[in-house]
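Q:
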Amino acid sequence: MPQHPARAAPLLSLRQIRKRFGATRALDGVDLTLRAGEVLALMGANGAGKSTLVQIISGACQADSGELLWRGESARFASPRAARQAGIASVYQQTSQLGVPGLSVAQNLLLDQLCSAQSALWLTPASIRRQALAIAATVAPELPLEADFADLSPAQCQLLALARAQHSGARLIIFDEPTASLSARESTALFTVIEQLKRGGVAILYVSHRLADLRRIADRAVVLRNGRVVGEFAVPLQLDAAVEAMIGGQLPARLTRVSRPASAPRLVLKQVQLLPGARPFDLRLHAGEIVAVTGHLAAGKSRLLHGLFGGAAFHSGQVNLDGVPWHAASSADAIAAGVFMAAADRWRSSFLPPEALGSSLSDLMALPHLKRWFPRGWVKQQVLDERARVWIDRLGIVCDGVRATPDQLSGGNQQKVVLARWQSSPAKVLLLDEPFQGVDVAARHDLIASIREMKDRAVLIATSDLEEALEVADRVLVMERHSLYDPGVAPHTGTLLAQLQRLEHFVGENAVNASFDLDYTQ
Amino acid sequence: MTSSSHTIPLAAEQSQRRRDALLGLRRYALFLVLALLLAGFSWQQPEFILPANLLSILQSSAVEALLGLAVTISLICGGFDLSIGATAASALIASSYALVVWQWGTFAAVLLALGAGAAIGLFNALLIVRLGIPDLLATLGSMFLLGGLQLIPSAGQSISTGMPLANGGVASGGFSAGFLALGRARWLGVPLPVLLVASLALALWLLMERTRWGRVFYATGGNREAARLAGAPTDAYRVFACVLSGTLAALGGVIIAARVGRGDVSGGASLLLDSIAATLIGFAVLNARRPNVLGTMVGAVFVGVLLNGLTMLNVPFYTQDFVKGAVLVAALALTYGPGGARR
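Chains A and B are the protein sequences, given in the same order. Taking numbering that gives the first Met the number 0, the leading residue of the first sequence gets 0, the next gets one more, and so forth. Taking numbering that gives the first Met the number 0, the leading residue of the second sequence gets 0, the next gets one more, and so forth.
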């Protein structure tokens with residue numbers, strides 16, 4: 000039996016850790032202790048120093064000053080490899096860093112052994128499979144060993160990384176936003192594994208923006224702000240207090256509107272089928288209204304948004320825009336009609352490589368509007384810069400001016416740039432696909448306030464995070480197996496927590512029902 | 000605490016200043032080296048700096064510069080066109096054949112060559128945009144295709160007046176004075192090809208750097224998905240880039256034919272490599288780190304100056320490729336090397 004966490008000697012202690020990058024102080028004297036069998040949540044807004052702290056612990060960078068005690072002895076990890084050998088493993092957010100595509104899952108499980116100099120020269124597929132089974136047994140017995148790593152879901156990638164970490168005898172596992180790309184069901188499975196590891200005496204350092212996660216698994220939370228520890232909270236977590244410590248002030252009141260607008264609907268979907276065989280659904284959106292669609296990762300949220308924005312057309316059904324049947328054949332069509340979309344994954348869908356012409360903030364904000372702003376073709380840079388300055392002020396984008404490139408910005412500020420692009424022109428409908436990925440609470444509030452300010456547009460937000468959905472929307476709908484359901488949750492009544500539980504329950508139920516549907520739909 | 004907070008800003012300021020200086024050096028490094036080269040060559044060989052020689056440098060770099068523009072445009076739009084050299088060589092043969100064998104007029108022959116270039120571009124676009132073949136592979140294929148195709152009309156022979164024909168006759172047409180003027184005429188002492196390339200470069204520079212169409216070209220090349228989601232007709236832009244690059248390459252071939260006055264068969268491989276070198280050297284100009292029209296022009300002139308100067312110093316011609324390679328590697332190191340990240 001592991002000792003009770005509070006009485007055990009600390010596994011890891013940090014004392015007065017400082018780190019500077021150029022003129023900015025990323026960490027300004029951080030103290031932290033972590034005991035075996037404990038889940039410590041590390042909270043903080045973007046740029047608070049969470050990543051730097053995690054990098055120092057995991058050997059990816061070194062502190063300028065301060066002391067790191069690992070199992071009671073002073074240590075300094077020169078590389079991630081050194082930290083790993085000492086027993087510190089990391090499970091990263093980007094699944095691409097968790098394994099090697101092109102190799103099978105079994106080979107990936109054995110990667111540490113295969114890459115080591117002591118590895119046997121001659122390995123038969125049978126022996127690889129046998130060893131891989133042993134590694135996966137405790138944490139991830141259901142992994143498909145023969146599959147290619149590239150075909151795994153994000154959740155499976157994480158389980159694979161966890162199995163490797165556990166097998167290599169890790170005493171501390173660092174999670175960096177592990178649930179960012181997981182569905183609610185997958186997150187629950189991950190939490191079960193974390194509980195299991197915890198019982199085995201492994202310490203967990205859990206970095207996340209998601210309060211719901213922390214509420215479920217953290218024993219203790221440490222809040223960072225501007226490179227310092229500004230608060231420490233024990234179970235039961237006072238989430239509101241923790242969030243206030245994080246942003247350094249009171250949260251603005253939620254600005255949800257209570258009554259539905261009386262005006263004619265802006266966008267009406269009638270009997271739309273996203274895919275052949277999917278259950279048809281209706282949807283009505285009013286100007287000035289924010290509707291969130293939540294649900295599992297591949298439930299069809301993105302397909303709905305892309306379909307409205309000129310992507311793959313719906314299988315059947317009708318779309319009315321301002322009462323007139325409407326169809327966008329391309330994104331250019333949709334933009335011309337005033338239907339805008341900020342797609343998921345801003346680096347893939349919205350930004351250019353930093354060295355390309357047009358990768359500065361002002362150029363990126365203007366890209367879809369160049370045709371309207373400069374009908375004669377000549378681009379006036381001063382015009383672009385002036386418009387960008389207005390939006391940088393309005394959204395409070397922290398940056399080095401309009402010529403900065405997004406790679407220099409934190410996640411929240413990057414997302415503000417994306418939003419500014421679509422807010423800077425009049426619109427009828429604004430579609431936002433996972434707009435809050437890697438965005439902290441404070442930045443999320445700025446984004447929402449800006450969206451609420453614009454009364455001309457109907458806003459449809461797709462997010463797999465139930466809590467986000469409840470926080471930002473007037474109405475929350477659930478998408479499951481390419482159809483929309485109304486869980487009957489009204490965000491403006493009752494506590495956030497109660498609604499969250501109700502919504503989680505609904506999504507869980509629905510998933511069960513949907514899996515029964517599976518047989519006759521295929 | 001107080002003492003350290005005094006020293007930190009100072010150190011930061013110093014390192015910032017050093018970084019700024021380095022950045023400035025990086026921006027103008029190529030111009031600096033060019034100036035040094037000019038000074039060094041004219042000190043060793045006073046004739047080097049005479050206007051006549053400088054003009055001949057420009058004249059000899061004109062075709063590489065023009066083909067460099069073709070490469071630059073395809074690179075800006077996110078493609079790499081390996082068929083540039085073969086396109087130029089094919090246009091050279093096409094115009095010569097039309098003049099010599101078919102006895103066409105100057106205008107018609109030039110039009111045929113440019114049309115052939117545009118058609119090749121369209122063919123590349125078909126392979127790349129419609130069939131989805133990766134650009135490098137598709138244009139490698141058309142490079143081979145053209146390298147063989149251009150040998151067929153003249154059975155592998157150079158095309159000149161009086162060449163025997165397959166039907167037993169003799170080609171009686173010739174290169175008209177009007178056609179030859181395209182490669183040899185001068186206006187106020189400046190060779191026509193130089194004027195032609197300079198004005199085309201200016202037009203393309205304006206298009207790429209100052210208009211919204213240029214932004215879309217760069218956006219398409221930088222992140223096609225992002226450009227499409229911003230409402231850009233990316234496929235149309237990619238097709239246009241292919242066609243424009245093929246037409247520019249064909250013009251290069253016409254200029255060579257007019258300068259030489261004979262339809263020499265060649266695969267155009269050296270033309271391709273030289274124009275790619277000019278474009279890549281251009282990445283380092285003003286630390287742009289991207290294909291850009293001004294950089295390509297500077298790159299072409301840079302190579303021209305170097306080769307001309309070395310020839311004047313009696314450096315054997317067979318070292319030329321080595322010198323070009325060294326310059327290219329140095330320029331790329333300057334662009335991407337340590338500290339090459341913009342900030």
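For each residue, glycine too, the CB sits at the ideal point set by N, CA and C. For clarity, every value in this text was computed on a predicted model and none was experimentally measured.
May I ask whether a heavy atom of the ligand NAD can be found less than 8 Å away from the beta carbon of A:G71?
A: Ligands are entirely absent from the displayed structure, and the ligand NAD is therefore not among its contents.
Q: Under 9 Å, CB to CB, which of the residues in the segment 221-235 of chain B have a partner in chain D?
A: Any reference to chain D falls outside this structure, whose protein chains are A and B.
Q: Using beta-carbon positions only, say whether A:V471 and A:I447 come within less than 9 Å of one another.
A: As a first step, residue 471 of chain A is located in the first sequence; it is residue number 472 there, counting from the start. As a first step, residue 447 of chain A is located in the first sequence; it is residue number 448 there, counting from the start. Yes; because the gap between Cβ atoms is below 9 Å, this pair is in contact.
Q: Any contact of the segment 44-61 of chain A with the segment 215-230 of chain A, i.e. 3+ C-beta pairs under 8 Å?
A: yes
Q: Measure the beta-carbon distance from A:A327 to A:F308 and round it to whole angstroms, keeping in mind my assumption that it falls under 8 Å.
A: Along the first sequence, one-based indexing puts residue 327 of chain A at 328. Along the first sequence, one-based indexing puts residue 308 of chain A at 309. Between A:F308 and A:A327 the Cβ distance is about 6 Å, and since that is below 8 Å, they are a contact.
Q: Starting from the C-beta of B:G220, find all residues in its chain whose C-beta is less than 6 Å away, skip the five residues before and the five after it, and write them out in chain order.
A: If you number the second sequence from 1, residue 220 of chain B lands on position 221. Closer than 6 Å at the Cβ level, and outside the excluded window around B:G220, lie I75, C76 and G77.
Q: Would you say B:A332 reaches chain A, if we count a Cβ-Cβ gap shorter than 9 Å as a contact?
A: Locating residue 332 of chain B in the second sequence gives position 333, where the first residue counts as 1. False, the Cβ-Cβ gap to chain A never drops below 9 Å.
Q: Kindly say whether A:L254, judged by its beta-carbon, lies nearer than 9 Å to any beta-carbon of chain B.
A: Translated into the one-based positions of the first sequence, residue 254 of chain A becomes position 255. Only weak support is given to the placement of A:L254: the predicted model assigns it a pLDDT of 48, under 50, and the value that follows is read from those uncertain coordinates. Output row for A:L254: interface = no.
Q: Just to confirm the assignment, what range does the beta strand (DSSP E) spanning A:L68 have?
A: On the first sequence, residue 68 of chain A is found 69 positions in, with the first residue counted as 1. Its beta strand (DSSP E) spans residues S64 to W69.
Q: Taking a contact to mean a Cβ-Cβ separation below 9 Å, would you say A:R14 touches A:D30 in this structure?
A: Walking along the first sequence from the start, residue 14 of chain A turns up at place 15. Walking along the first sequence from the start, residue 30 of chain A turns up at place 31. Against a cut-off of 9 Å, the Cβ pair of A:D30 and A:R14 comes out as a contact.
Q: Where DSSP assigns a beta bridge to A:F350, which residues make up the other side?
A: In the first sequence, residue 350 of chain A corresponds to position 351, counting from 1. DSSP lists no partner for A:F350.
Q: So with CB distances below 8 Å, who are the chain B contacts of A:A331?
A: Translated into positions along the first sequence, residue 331 of chain A becomes position 332. In chain order: G230, A231 and P232.
Q: Residues in its own chain within less than 7 Å of B:S82 by CB, not counting five upstream and five downstream?
A: Here residue 82 of chain B refers to the residue found at position 83 of the second sequence. Correct list, in chain order: I119, N123, T138, S141, M142 and L145.
Q: Relative to the alpha-carbon of B:V259, which residue among B:D19, B:A268 and B:A88 has its alpha-carbon at the smallest distance?
A: Here residue 259 of chain B refers to the residue found at position 260 of the second sequence. Nearest option by C-alpha distance: B:A88.
Q: Can you give me the start and stop residues for the beta strand (DSSP E) that B:E46 sits inside?
A: On the second sequence, position 47 is the one that residue 46 of chain B refers to. Unbroken run through B:E46: none, as it is neither H nor E.
Q: Under a Cβ-count criterion, where at least 16 other Cβ atoms within 10 Å of its own Cβ denotes burial, should B:T104 be classed as buried or exposed?
A: On the second sequence, position 105 is the one that residue 104 of chain B refers to. A small fix is needed here, since residue 104 of chain B is Gly in this sequence, not Thr. So B:G104 ends up on the exposed side.
Q: Rounding to the nearest angstrom, what Cα-Cα distance links A:L274 and A:L303 in this structure?
A: Reading the first sequence from its first residue, position 275 is the one you call residue 274 of chain A. Reading the first sequence from its first residue, position 304 is the one you call residue 303 of chain A. Rounded to the nearest angstrom, the two C-alpha atoms are 10 Å apart.
Q: Run through DSSP, which three-state label would A:M340 get?
A: Counted from its first residue, the first sequence places residue 340 of chain A at position 341. In the three-state scheme derived from DSSP, where H, G and I count as helix and E and B as strand, A:M340 is classed as strand.
Q: So, under 8 Å CB-CB, A:A146 and A:V104 are touching, yes? Tell me the CB distance rounded to an integer number of Å.
A: The residue you call residue 146 of chain A lines up with position 147 of the first sequence. The residue you call residue 104 of chain A lines up with position 105 of the first sequence. Confirmed, Cβ separation roughly 5 Å.
Q: Quick check on B:G188: buried or exposed, where buried means 16 or more other Cβ atoms within 10 Å of its Cβ?
A: The residue labelled residue 188 of chain B in the question sits at position 189 within the second sequence. Flag for B:G188 reads exposed.
Q: Find the nearest neighbour of B:M207 within the set B:G182, B:S73, B:S60 and B:F47, judged by alpha-carbon distance.
A: Here residue 207 of chain B corresponds to residue number 208 of the second sequence, with the count starting at 1. The candidate whose alpha carbon is nearest that of B:M207 is B:S73.
Q: For the segment 268-296 of chain B, enumerate the residues whose C-beta is nearer than 8 Å to any C-beta of chain A, in chain order.
A: A287, R288, R289 and N291
Q: Quick check: what's the CA-CA separation for A:L268 versus A:T293?
A: Position 269 of the first sequence holds residue 268 of chain A. Position 294 of the first sequence holds residue 293 of chain A. Computed Cα separation, rounded: 17 Å.
Q: In angstroms, rounded to a whole number, what distance separates the CA positions of A:D439 and A:A365?
A: Here residue 439 of chain A refers to the residue found at position 440 of the first sequence. Here residue 365 of chain A refers to the residue found at position 366 of the first sequence. So the alpha carbons of these two residues sit roughly 25 Å apart.
Q: Could you tell me the distance, in whole angstroms, from the CA atom of B:W42 to the CA atom of B:V300?
A: For this step, residue 42 of chain B is matched to residue 43 along the second sequence. For this step, residue 300 of chain B is matched to residue 301 along the second sequence. Rounded to the nearest angstrom, the two C-alpha atoms are 19 Å apart.
Q: Could you tell me whether the segment 54-64 of chain B touches the segment 304-314 of chain B, using the rule of 3 or more Cβ pairs below 8 Å?
A: yes
Q: Rounded to the nearest angstrom, how far is the Cβ of A:I460 from that of A:L431, given a contact under 8 Å?
A: The residue labelled residue 460 of chain A in the question sits at position 461 within the first sequence. The residue labelled residue 431 of chain A in the question sits at position 432 within the first sequence. Right, their Cβ atoms sit about 5 Å apart.
Q: Would you report the Cα separation of A:A85 and A:P153, rounded to the nearest angstrom?
A: As a first step, residue 85 of chain A is located in the first sequence; it is residue number 86 there, counting from the start. As a first step, residue 153 of chain A is located in the first sequence; it is residue number 154 there, counting from the start. In a straight line, the C-alpha of A:A85 is about 27 Å away from that of A:P153.
Q: Would you mind working out which of B:V100, B:G84, B:W101 and B:A112 sits nearest B:S94, comparing C-alpha positions?
A: In the second sequence, the residue the question calls residue 94 of chain B occupies position 95. Out of B:V100, B:G84, B:W101 and B:A112, B:A112 has the C-alpha closest to the C-alpha of B:S94.
Q: Kindly list the residues whose CB is nearer than 6 Å to the CB of A:Q165, restricted to its own chain and excluding five residues on each side of it in sequence; keep chain order.
A: Counting from 1 along the first sequence, the entry for residue 165 of chain A is found at position 166. The residues are V138.
Q: Could you please tell me which residues of the segment 203-218 of chain B, in chain order, have their CB closer than 8 Å to any CB of chain A?
A: M207, E208, R209, T210, R211, W212, G213, R214, V215, Y217 and A218
Q: Any idea if A:A40 is buried or exposed, counting beta-carbon neighbours within 10 angstroms, 16 or more meaning buried?
A: What you label residue 40 of chain A is simply residue 41 of the first sequence in a count that begins at 1. With 16 or more other Cβ atoms within 10 Å, it is buried.
Q: Which one or two residues does DSSP pair with A:L459 in a beta bridge?
A: Taking the first residue of the first sequence as 1, we reach residue 459 of chain A at position 460. Answer is A:V290 and A:L430.
Q: Is it the case that the segment 235-242 of chain B contacts the segment 166-177 of chain B, given that we only count it when at least three CB pairs across the two stretches are under 8 Å?
A: no
Q: Identify whether B:I132 lies in helix, strand or coil by the three-state DSSP scheme.
A: On the second sequence, residue 132 of chain B is found 133 positions in, with the first residue counted as 1. Of the three classes helix, strand and coil, the one that applies to B:I132 here is coil, per DSSP.
Q: Does the beta carbon of A:V378 come closer than 9 Å to any beta carbon on chain B?
A: Stepping through the first sequence from its first residue, residue 378 of chain A is reached at position 379. Yes - at least one Cβ of chain B is within 9 Å of the one on A:V378.
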